[in-house]
Amino acid sequence: MKEEFIKLETAELAVSKGFKEHCECRWVYQRKHTLYDLRRGEDITFEETPPRITNYNGYDKYEINLAPAPSQGFLQKWLREEHGLHPHICWIEGNDWHVDVYKWKEENGLMSSPNAYKHYKTYEEALEVGLNLMLDLI
């Protein structure tokens, strides 16, 4: 088993929504999306991406970008504790997964935000979608 980290796009969205928690892993991206794990001091390389190029004194340099890379569970906990949001992930027939998002409202109880009956092949894929849906509600 391995720990699932959020995707770069989810990390950028989380930062834009106020996520500022310390994470031992960071997305560092230049030419490639690279997940840098500060605990082990190693790079885990993901798919190739076009470089972001800036002009510096007539030379092309690569702009280095950073984004926190919490585990899916850590971001899920932050969304629950800070914003009252919770994903409901359930297994459905055919080995697929479905996710709905709930927001706790003091005056009304649980409020559902349905995900239009979309199915996902893995629990982690459904959770990643749920994290994005919850971030969109902030």
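Heads up: the sequence shown begins at 12 in my numbering, then just goes up one per residue.
We put the CB at the ideal spot given by N, CA and C, even for glycine.
- In the three-state scheme derived from DSSP, where H, G and I count as helix and E and B as strand, Phe30 is classed as coil.
- Excluding five sequence positions before and after Met145, the CB atoms of its chain that fall closer than 6 Å to its own CB belong to Leu90, Leu96, Val112, given in chain order.
- In the three-state DSSP reduction, His130 falls in the coil class, being neither helix nor strand.
- In this structure, Val110 sits near Ala137, with a CB-CB distance shorter than 7 Å.
- Straight through space, the alpha carbons of Leu24 and Phe30 are spaced by roughly 9 Å.
- The three-state secondary structure of Ala78, taken from DSSP, is strand.
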